[in-house]
Structures are given as C-alpha cells and as structure tokens.
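Read through the structure below, which is laid out as structure tokens, and then see the notes.
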Amino acid sequence: MSKFVPVLLSGLTIVSAPSYSESELDTYRSFTGFTGLVNTSNAEVLETGYWDIGYNNMLDNYTKSYVDGHNFVFSAGLFEGLEVSGLIASSTMHDNTFIPPAEGEELQTRDLSFNAKYQIPFIPKDWFNLSVGSKDIGGAANNYETHFVVASKEWRNFRFSLGASRSKHETGMMNGAFGGIEWMPLDWLAFQVEYDAEAINSAARVVIPKEWLFDLGELSLTSRFYSSTDFTDDDIFWGINFKAPFSKLAQSSKSKIEAAPKPIVSSRPEQRNFKPVEKAATDTQADRNSHDKTAKASGHELERKDLNKLARELRNTLIADGFESVRVGFNSQPTIIVSLENATFNNNEIDALGLAIGRVTEVFSGTSAKFILELQNHGISMMALSGDVASYERFLKDNVEPNINVKMGSRASIAGVTWVGLENANQRFLKPRVTISPEVNSTHATEFGVLDYSLALKADVNLPLWKGAGFNLTAQTVVSESDDFKEKKIFDDLSEDNGVRSAFLYQTYQLPWGIYNQTKVGFFREFHKYKGIINETAWVSPNGSHKFTNTYGYFEYQDFNSDRDYHTLDYQYYWAERDLSFHVTGGKFWRKDKGVKVETRFWFGDSYVAVYGENTNAKVAGVAINIPLSKRKNMNVTKYGQIKGTSSWRHQIGTRIGDSHNKLVYQQAYQPRLPVTLNKTFFNKGRNSVDYVYSNLSRLRNAYLTYK
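The working numbering numbers the first residue of the sequence shown as 94 and each following residue consecutively.
The structure is reproduced here in structure tokens:
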C-alpha cells in the first residue's frame, strides 16, 4: 500500500492538471512490442508506411520476473489499421545458452516473438478506437503468448485506455483487466500511468523532433520511473525508439489528383477526347517564324523545320538527362514519337517515364501535338504511353488528371515518321554498370547469440552486349564476421566467401502473346562451384497485373562428378490500388526440398515489407524487408560506365511454426540469388503494369518537377 498511495496521488494530479498543447496526440511503443504505454497496449496502431525500431532494458525473464536485459523491437504499419512487430528478448548478447548456468544462477533468456495488432475499422472516430492483438504468435515455445482487446478515447491532451487480456505470465501481467492514462502536455513530452493487471507503472517520454534529425525521423526516450510490482528489484528501466517512414515517395505518389474537366468530343475520331489549344489573337506570321517557344502557334501549324528543330532539342535534352538509346521522331499530325532506355532511375522506372514525358511537354509546350513514348530495356520494348501535350501540361501545372493511354509492350506503328539524329547514337551497349551492395548471412536469437552474421561487400559488373543480352560478373570481399561465423566455429559453413560469386552470359527474348524468355549460362557459386544453366519463361497478362514464371536450373559440380537441378513455378499478382503483391511459388527448390512458399509484399514507395510462409521440409513463417540502397536518380552513364548502389536489398527473419522444437532452418524454399532476372531487371521488380502507372500519376508529376 505504501507504494500505491504516492502513485495514485501523482496520477490524480496529472489528470486534473490543465493542458496547453492543441496538437494531435502522438503514439509511442511499449516495452513489450506494441503501440501503447509501458507493459500495456492502447487501441492505436503505427501509421501505415512507418517503421519503428526500439531498444529497452526491461527484460521479462521467462514471465517470472523483470530484470536488466535486452529487448530489441522492430515494428511496421503494413496497411490501415494493422501493426506488426518482432521482438528479441535476451538476458545476454553473446553467451552460449547450451552451457548450463553456474550454481545459483538462473537460466538465460533468449526468445524471438512475432506480434500483431489490428484496429477495428467500423467504429466512428469520434466515439473511440478499438483494437485486438496477440503476442508471441506461432513458434515452438510460446512463453510470452498474450491475447487482448483494448479501447482508447482521446480527450484534449489525454488518451484513456481500457482493455482485457489473457496471458501465460506467471507474474500476472496482462492477464485480466488493464488500463492506462496518457497525458501529452507538449509536443515533445508525455506522461503515462497504467495498471497492467498486476501492478501500477509510471513512465515519462521525451521526443526529439524530426526537424532536429535532418527530417529523417523521430527519436523518443522513455523512462519507467516507478512500478508497484513485487517481481523486480528495480523501479527504473529505460528505452529508446526511432520512427520514420519507409519512403516519403509513398505519400507523394498517392496524393490527390483533381478530376479532369469534361473533354470536348469532336466528330473527327483523331481529335476525340483532346481539347485543342486556342491560338492567341496577337500571334503574327513573324512570331511563328521566330521559333520562340514562349510564342508557339498551334501544333497543327508548325512547319516541318520547326518540328525538326524542336525534336532535336528534345533529343538532346533527354540525352543530357541520362537516357540511353534515345530516338525522337515526328509526323505531320503532329505526333511526337520517343523511344529510350532508363539508365539512371534504377529504383523505379516510373520516375524515368515521368521525367521523359515532362520533357516532351516542356519542349512542345503551347502546341496541340500528341506524343507516344516507348520505354525499352536492353533494346526490348516494355511499355508505351501516349497522350496529348495540352492535357499533360495542365497536369503538370494544375495537377489535373491527364488524358493518357498506357500499353504493355511496344507502341503501335506510326506512318510517315521522320527521325532526327543518328539511330545508333548514345547506345547502352559495351558500357559497364557496377552495382555495390552488402551481402549478409545471419542468425537471430539463437542459443549462440542475439545476432551472428557474416558481412561481405559485393560488386556486380554488368556489361550489355546486344539486344536482350549481356555479361554479368559478381565478386565480393568479406568485411566483418561475428565470432560464431569464423573458421571452425558453429556457423563457419554458412559464412560468406571472398572472390568471384558468379560469371554468366544472359540472353532475353520478347515473344508473342506476352511471353518472355531469359537464359543464363556460366559459373555459379552457392557454397560450392558449379557450371550451370538457368532458364526463366514468363507470361505476363495484357495489363501486366498477372505473371506466371517457370524457372529451371541445371548445375554440375566443378570439383567432382555430380549434378543438381531445381524447377519451380511462380505466380504473382500486383494489386496496384493497394500497392500489394501476392506471390505463390511451388516445386523443387535448390536444396532438393519440395513444397510451396507464399508471400505478401506491402509496398511503400520503392521499399516493401513482406510476410511469408514456407512448407517444404519444415513449416516456417517470417518477415522480410526490402529497401533501395541508392539515390532515386543515379549518376549518368559515361563512356567508362556507371557506379551505383543496389536498388533492392532484402533481409529476412523466419522461425519454425507448428513444431515442438525450434531448430534452425537454413535456405529452405531457396533459389539462387542472381543480379539479373526477368522480375528484377525487366519487370521493374514486378511492378510493370498498366494499373501501376494509373495509380501513381502523382509520382510521374513529382519526378519531372524534382529533376527538371
């Protein structure tokens, strides 16, 4: 009782104190892996498209007591209302838990748990928020398993939460009714008082604004300064969290676009849906002959020499922007035809489309010209966009929905085209491109340590040779390894190696009916040396949303007489409106395990968080994160080549489910990781589709306004 009275009085003082801040209430991460207070959750969730990484030293020691230890938490807001997190709890960082403790010492804790919380969407916001959640989902030993429902209501600078839960905690924490009060008097300061079904806890949080951190994210510092629990010797524990968006582009690409005004319909089919640009009454013949872009007449009245001059100007501008294999032509309508290859916007080819169409509009501003732009890759036509300059110019200036048409594959043929410049000028072939990226093998929360890793620095050298073909050489050098990955240690066989990892020739063909074929032949090293051949054959639906890929690989060992093969069939669906992609892969995998792997990717700009499950030799569930490690726009390709960071770096953590043990599973449902694949190299990481362009019109505009 002596502990309870002071904290009750302090809580009443906090609730009755006047509030001064009128800003929206922020949310914070609890010590147990959810958006919440200290031990309890509230009904709020992490904002969609945000991630949070945190550390605190309040270790729940196998649910029996609270001791000074290590908690590492990674949280993500996957879509509206859904928050997921992973928590690693450990009493030490590197000790081997297979070694029995000395007499009088307790068993060490080391646990990896997966948590999820969902906010019910059907309740009006001015009533209250209601969420349900679970902790320690799946796995073999669910020591921290907890299920709860909680409601929260905000009033001025306060948030009140009340809920009920069931758990396996021997302390009684989160096993019954719980509740809490949060008070945020200032944008950077918060106080919290909670009852966690066993004890009363009090905490204070200080937030360092993102403006102080170069607008990268928000840093919060937490101190639990009081608790009435009898299961710890210390009242004070502390934590630190950093929150940031996966991609700022994820918000800008979904910004609202105003509906276009009702189009003027002409009886002439070629003019339908296009609003003509009126000719200024002050224009004179002398003005039209001056070729001044600020005083252009109607595009239909542009003379051939005017079109030629503007087409050359456009071609030179696109080359200066870093595009390759640039061809610009025109006909008498006039229609401007552009074909090019993207060499600098390696994270997302929609940025290349945005800048290129913006340049067409910029050069032909004030005319009623139409345009057709074809995006190629290794000389293969991947996508074509068409529209009229006047409509797209309104889009760039006023954010009014443009009248454009998107088509997969090559553009329609146009008669009477006059091309400017040399056809083979600025070709992409025989110019090496070097991609630098980290390569990591790691284990997480095992009996040997919280994190063991082998880190190498990898360089991919890609040399385009001719249409659809190239040569790729990959080499790497080990940068750092934890002790358990070093020679003759437990994970030595899984460590990265120095030297050449692969060297192969590839040839890609575009066949009729949406079929693509790519064959790779050469040297491959997957912990052993192989000569091999890999063939991918993909069918892409007319709008690009559906894709089936058949992959077959055959390999022979170089050091002894033996071989191996793998054969998989993959289906992908990209839901562009929600930026979700669904993947199902089945067959015989690299390590001869047979079964199926399913995965859902939640895209945020050019990053994604994936939730996956595997069922081959064992049942495994996990989470992966994929991020670009390069700028949005890379350096232009020079005659000596190009150096850039990787546009797609992935790291994942998985664990067994449905078993009575939790033995490590390595490279299950695995296929060789190669820098050149149909999906990665040609299909914009699986996002090439008509619907993807229409769903990201604002990003087209943003790319031009950013890099014009």
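Built from N, CA and C at the ideal position, the CB exists for glycine as well.
Cβ atoms of Asn498 and Ser479 come within 8 Å of each other, at about 5 Å. Where Asp399 is concerned, the enclosing alpha helix (DSSP H) starts and stops at Arg397 to Ala413. Residue Tyr143 holds the alpha-carbon nearest to the alpha-carbon of Leu309 among Tyr143, Ser184, Tyr787 and Phe324. Membership of Glu291 in any alpha helix (DSSP H) is not indicated, and neither H nor E is assigned to it by DSSP. Counting other Cβ atoms within 10 Å of its Cβ, Thr601 reaches 16 or more and is therefore classed as buried. In the structure shown, Asp153 falls within a strand segment according to DSSP collapsed to helix, strand and coil. Under the criterion of beta carbons closer than 8 Å, Leu152 and His537 do not qualify as touching, at roughly 17 Å. Look at Trp696 here: in three-state DSSP terms it is strand.
If you look at Gly170, you'll find it isn't in any alpha helix (DSSP H); it sits in the beta strand (DSSP E) that goes Tyr159 to Phe172.
Of the residues Arg504, Glu455 and Ser595, the one whose Cα lies closest to the Cα of Glu486 is Glu455. The C-alpha of Leu757 lies about 30 Å from the C-alpha of Leu139. Within the same chain, and ignoring the five residues on either side of Ser634 in sequence, the residues whose Cβ sits closer than 8 Å to its Cβ are Gly607 and Lys640.
For Asn795, the enclosing alpha helix (DSSP H) begins and ends at Leu790 to Tyr800. Linking Glu434 to Ile626 through their CA atoms gives a straight-line distance of about 28 Å. Listed as beta-bridge partners of Thr128 by DSSP are Arg122. Counting only residues of its own chain and dropping the five nearest sequence neighbours on each side, Asn149 has a CB closer than 6 Å to the CB of Phe124, Asn164 and Gly332. Note: His639 is bridge-paired with Tyr666 in the DSSP secondary-structure output. When secondary structure is reduced to three states using DSSP, Ser575 falls in the coil class, being assigned neither helix nor strand. Taking a contact to require three or more Cβ pairs closer than 8 Å, the stretch 689-697 and the stretch 661-681 qualify as touching.
Bounds of the alpha helix (DSSP H) holding Ala483 are Val482 to Asp491.
Contact check for Gly646 against Leu598 fails: the beta carbons are separated by 9 Å or more. Runs of the beta strand (DSSP E) lying entirely within the stretch 230-286 and spanning at least 3 residues, in chain order: 239-248, 251-260 and 269-279. A distance below 7 Å between beta-carbons, with the five flanking residues on each side excluded, links Gly174 to the following residues of its chain, in chain order: Val138, Tyr211, Gln212 and Pro214.
Counting the other CB atoms within 10 Å of its CB gives Gly592 a total below 16, which places it among the exposed residues. Using a Cβ distance threshold of 9 Å, Phe251 and Trp220 do not count as a contacting pair.
In the three-state reduction of the DSSP assignment, Ala505 falls in the coil class, being assigned neither a helical nor a strand state. Around the Cβ of Gln651, a 10 Å sphere holds fewer than 16 other Cβ atoms; the residue is exposed.
Ranked by how close their Cα comes to the Cα of Ala449, the residues Gly459, Gly472 and Ala413 have Ala413 in first place. Taking 9 Å as the cut-off, the Cβ atoms of Gly706 and Ile746 do not count as close. Around the beta carbon of Gly509, fewer than 16 other beta carbons lie within 10 angstroms, which makes this residue exposed. Of the candidates Ser530, Ile293, Thr774 and Val225, the residue whose Cα lies closest to the Cα of Val243 is Val225. With at least 16 other beta carbons inside 10 angstroms of its own, Glu589 counts as buried. Going by C-alpha positions, Tyr159 is about 47 Å away from Arg780. Here Thr570 is exposed. Its C-beta has fewer than 16 other C-beta atoms within 10 Å. Setting aside the 5 residues that flank it on each side, His262 is surrounded in the same chain by Thr156 and Asn268, each with a C-beta closer than 7 Å to its C-beta; the list follows chain order. For Asn719, the closest alpha carbon among the candidates Ile736, Gly734, Tyr785 and Ser741 is that of Ser741.
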